[in-house]
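Read through the structure below, which is laid out as structure tokens, and then see the notes.
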Amino acid sequence: MDKFVEFDQKQIEFINKLEDIYNMLNKESNKIQKNLLNITTARYHSNHLNFLLNAKLKYLSVDYSGNLIEQS
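Residues are numbered in the numbering used here as their position in the sequence shown, beginning at 1, plus a constant of 28.
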């Protein structure tokens, strides 16, 4: 019986680690999506056809859906 409890505990720990990894990747993915949206928005509002990818951009706020929040 102890082996089953130990096995279950290891499975729970493994699942918890996977959830932590998923959450970290999700946060990083959200950051990347915001950065890409900023680049796209800056290009859209730019008069330059060859807007540089490494140009420093002002941070533009986005909501949880990734939509740009109107600046006041």
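Quick reminder that beta carbons are idealized off the backbone N, C-alpha and C, glycines included.
For this session: Express the C-alpha separation of residue 61 and residue 52 in angstroms, rounding to a whole number.
Result: Taking the straight line from one Cα to the other gives about 14 Å.
Exercise. Ordered along the chain, which non-local residues of its own chain (more than five positions away) have a Cβ less than 6 Å from that of residue 55?
Worked result: Closer than 6 Å at the Cβ level, and outside the excluded window around residue 55, lies no residue.
Exercise. What is the C-beta distance between residue 90 and residue 64, in whole angstroms, given that I count them as a contact (C-beta under 8 Å)?
Worked result: With 8 Å as the limit, residue 90 and residue 64 do not qualify as a contact, their Cβ atoms being about 11 Å apart.
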